[in-house]
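Asks:
Numbering (UniProt numbering), first residue to last: 1 to 511.
(1) Expressed to the nearest angstrom, what Euclidean distance is found between the alpha-carbon atoms of residue 494 and residue 287?
(2) Tell me whether residue 299 sits in a helix, a strand or coil according to DSSP, three-state version.
(3) How many whole angstroms separate the CB atoms of residue 151 and residue 177, which I take to be in contact at a CB cut-off of 8 Å?
(4) Would you kindly report the start and end of the unbroken alpha helix (DSSP H) that includes residue 466?
(5) For residue 60, count the other beta carbons within 10 Å of its own beta carbon; 16 or more makes it buried, fewer makes it exposed. Which is it?
(6) Would residue 445 be called buried (16 or more neighbouring beta carbons within 10 Å of its own) or exposed?
(7) Could you compute how far the alpha carbon of residue 172 sits from the alpha carbon of residue 119?
(8) According to DSSP, what are the bridge partners of residue 143?
(9) Determine the contact status of residue 388 and residue 316, defining contact as a CB-CB distance below 8 Å.
(10) Alpha carbon to alpha carbon, how far is residue 311 from residue 305?
(11) Under 8 Å: do the segment 447-458 and the segment 426-438 share three or more Cβ pairs, one atom per stretch?
(12) For residue 311, which three-state DSSP category applies?
(13) Assuming contact is defined by CB atoms lying nearer than 8 Å, are residue 480 and residue 469 in contact in what I supplied?
(14) What's the C-alpha gap between residue 116 and residue 124?
(15) Pull up the distance between the alpha-carbon of residue 204 and that of residue 198, whole angstroms please.
(16) Of all the options 308, 360 and 379, which has the alpha carbon lying nearest to the alpha carbon of residue 333?
(17) Beta-carbon within less than 7 Å of residue 155's beta-carbon, same chain only, minus the 5 sequence neighbours each way: which residues are those?
(18) If we count Cβ pairs, one from each stretch, closer than 8 Å, do we get three or more for the segment 45-55 versus the segment 378-393?
(19) Taking the alpha-carbon of residue 416 as reference, which of 384, 180, 266 and 271 has the nearest alpha-carbon?
(20) Flag this pair as yes or no: are the beta carbons of residue 425 and residue 231 separated by less than 8 Å?
(21) Determine the burial state of residue 162: buried for a count of at least 16 other Cβ atoms within 10 Å of its Cβ, exposed for fewer.
(22) Pick out whichever of 265, 363, 313 and 274 has its Cα sitting closest to the Cα of residue 75.
(23) Go to residue 253, then tell me how far its alpha helix (DSSP H) extends in each direction, as first and last residue.
(24) Are the beta-carbon atoms belonging to residue 420 and residue 146 less than 8 Å from one another?
(25) Counting along the chain, where does the alpha helix (DSSP H) carrying residue 220 start and finish?
(26) Distance, Cα to Cα, residue 443 vs residue 87?
(27) Hey, would you say residue 128 sits closer than 8 Å to residue 464, going by beta carbons?
(28) Can the beta-carbon of residue 83 be found less than 8 Å from the beta-carbon of residue 229?
(29) Counting along the chain, where does the alpha helix (DSSP H) carrying residue 48 start and finish?
(30) Could you check which residue in 490, 441 and 85 has the C-alpha nearest to that of residue 289?
(31) Got a sec, what are the start and stop residues for the alpha helix (DSSP H) residue 293 sits in?
(32) Less than 6 Å between C-beta atoms, sequence neighbours within five positions excluded: which residues of the same chain meet that for residue 196?
(33) What does a CB cutoff of less than 8 Å around residue 528 pick up in its chain, not counting 5 residues either side in sequence?
(34) Taking the alpha carbon of residue 385 as the reference point, which residue from 330, 318, 412 and 353 has its own alpha carbon closest?
(35) Assuming residue 73 contacts residue 271 under a Cβ cut-off of 8 Å, what Cβ separation, rounded to an integer in Å, is found between them?
(36) For residue 227, count neighbouring Cβ atoms within 10 angstroms of its own Cβ and tell me buried if that reaches 16, exposed if not.
Okay, here's the thing in C-alpha cells:
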C-alpha cells in the first residue's frame with residue numbers, strides 16, 4: 001500500500017476540511033507526496049524546495065508578531081545608540097580593566113570581562129559541535145558527566161568563597177543534572193542512533209554546518225552588542241559621581257536604569273530566540289527534504305527554506321519566540337531575586353524564588369517542547385503558529401511518536417551541553433570579578449548581575465550552535481508522525497537499526 005493510499009484509505013479530508021482526530025488518523029495537511037506532485041512527464045530537472053513543499057495558500061501568518069518584533073528591535077537600537085553615546089563621552093572616566101573613577105556602576109572593566117565570556121562561549125560551543133560529529137556515543141556520556149562535575153565544582157568554589165547565593169543556585173542545578181543523568185542511562189543507545197542519523201544527514205545534505213556557523217556568528221555579534229549596551233546603560237544613567245548624567249539625552253535615575261535593563265534584556269532574549277528559530281525552520285526544511293524526497297533531493301533546499309522562514313513564516317517564528325522570551329525573562333528575574341535574597345540572608349526569599357523558578361522551568365520546558373515540533377511543521381507547510389502547534393501536538397500523540405521523543409536524550413543532552421557552557425562562562429565572569437576587583441563592585445553588589453548575564457550569554461550562544469542538529473532530529477520525528485510508511489519504504493536501514501535498539505518503535509509509529 002502506498003503512502004497516498006494509506007492517507008486516502010484513512011479518510012484524509014479533502015478541500016481543506018477540518019481534521020477529525022478520532023480512531024483513524026485524519027489531518028488537514030497530508031504529508032508531501034513528492035511523486036504525486038510531479039508534472040505530467042516528470043521533472044525536467046530537480047525541483048526547488050518551493051515546488052517540493054508547495055504552499056496551498058501562501059500567506060504572511062501572524063503578521064502582528066513580526067511587527068512587534070521589529071518594534072522591540074528598533075527600541076533596543078535606540079536605547080543602545082543613546083547610551084553608547086554617553087559611554088563614549090566618558091570613556092576615560094570609566095578606565096579599563098583596572099583604574100578609572102567609576103565607583104557607582106558597571107564600567108569598561110565589565111565590557112572587557114564580557115569579551116572574555118564571549119570568546120569562551122564561542123570556543124566551547126564550537127568544540128562541542130565538533131565533538132558531537134566525531135565521537136557520537138562518547139559525546140552523550142561525556143556531556144552528562146562533565147555537566148555534573150562542572151556544576152558541583154562551580155558551586156563548591158563559590159561556597160568556599162562565601163558567595164552563598166551563586167553557590168546555592170549552582171548546587172541545585174548540579175544535583176538536578178546528576179539525578180537526570182542517572183535516570184537516563186538506559187535510553188542512551190537509542191539516542192546515539194538518532195544523533196548519528198542526524199549527523200550523517202548533515203554531512204550529506206544542505207549547508208547545515210554553514211547555517212550553524214553563520215547563525216552562531218550572528219548570535220555572538222548580537223551578544224557582544226547587548227553586553228556593551230548593558231554596561232552603557234549603567235554608565236549613562238546610574239546616579240552617583242557620574243559625569244555622563246550631563247551628557248546627551250535624559251538625566252540619571254535608578255528607576256530609569258531598571259526600566260532600560262528590563263527592556264534590553266527582554267530584547268536580548270527575543271532577538272536570540274528569533275535567530276535560533278529562524279535557523280530551526282531553515283534546517284527543518286533541509287531534513288524534511290531528506291525524509292520525503294530522498295530519491296530526488298530538491299535544488300537549493302537550504303535557500304528555499306530560509307526564504308520561507310524570513311517571509312511567510314517570520315510572523316509565526318516571532319510569535320512562538322515571544323512566548324518563550326516572556327517565560328525566560330520571568331525566570332531571569334527570579335534568579336537575580338533569589339541571589340539578592342541569599343546575599344541579604346533572607347532564607348524565606350531564597351526558598352520562595354527557588355520554588356517559583358521550578359514552576360517557571362516546567363512551563364518553559366512544555367512551551368519549548370511544543371515549539372520545536374510546531375516550527376518543523378511551519379517550515380514545510382507555512383501554517384500560523386497556533387494552528388501548527390495544535391496540529392503537530394495532536395499528530396505526535398495520535399501516532400505514538402511522543403514515546404520516541406521521550407525515549408530520545410539528544411535534546412536534553414544538548415540542553416546539558418548548553419548548561420555546561422553557561423556554567424563555564426558564569427564561572428569565568430565570577431573569577432574575573434574576584435581577580436580584577438573593580439571599584440564599582442567593592443561590596444559584591446553587582447556580582448549577581450554580571451554572573452547572571454554571563455550565564456545567559458553562554459547559554460544562548462551554545463543553543464544557537466547546537467540548534468541545527470536539534471532541528472534535524474525534531475524534524476525527523478515530526479516527519480515520522482506525518483508518514484511512518486516513508487521511514488520503512490525509503491529509509492529501511494534506519495528503521496531496522498531503530499527496531500534493533502528500541503523494539504517498541506514498531507508499536508509506536510503504528511499506534
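Idealized CB from N, CA, C, for every residue including glycine.
Replies: Let me lay it out:
(1) 14 Å
(2) Secondary structure of residue 299 (DSSP, three-state): strand.
(3) 6 Å
(4) Boundaries of the alpha helix (DSSP H) around residue 466: 447-482.
(5) exposed
(6) Exposed, by the Cβ-count rule.
(7) 27 Å
(8) Beta-bridge pairing links residue 143 to no other residue.
(9) yes
(10) 10 Å
(11) yes
(12) coil
(13) no
(14) 12 Å
(15) 10 Å
(16) 360
(17) 167, 170, 171 and 174
(18) yes
(19) 180
(20) Cβ distance not < 8 Å, so residue 425 and residue 231 don't count as in contact.
(21) exposed
(22) The closest CA to that of residue 75, considering only 265, 363, 313 and 274, is found on 265.
(23) No alpha helix (DSSP H) contains residue 253, which DSSP labels as neither H nor E.
(24) Contact flag set, yes.
(25) Segment 208-237, the alpha helix (DSSP H) holding residue 220.
(26) 24 Å
(27) Taking 8 Å as the Cβ cut-off, residue 128 and residue 464 do not qualify as a contacting pair.
(28) yes
(29) For residue 48, no alpha helix (DSSP H) run applies, since DSSP gives it neither H nor E.
(30) 490
(31) Here residue 293 belongs to no alpha helix (DSSP H), and DSSP marks it neither H nor E.
(32) Setting aside the 5 residues that flank it on each side, residue 196 is surrounded in the same chain by 136, each with a C-beta closer than 6 Å to its C-beta; the list follows chain order.
(33) Beyond the ends of the chain as shown, which are 1 and 511, falls residue 528; an answer cannot be given.
(34) 318
(35) Their Cβ separation, rounded to whole angstroms, is 6 Å, which keeps residue 73 and residue 271 in contact under 8 Å.
(36) Under the 10 Å beta carbon count, residue 227 is surrounded by 16 or more other beta carbons and is classified as buried.
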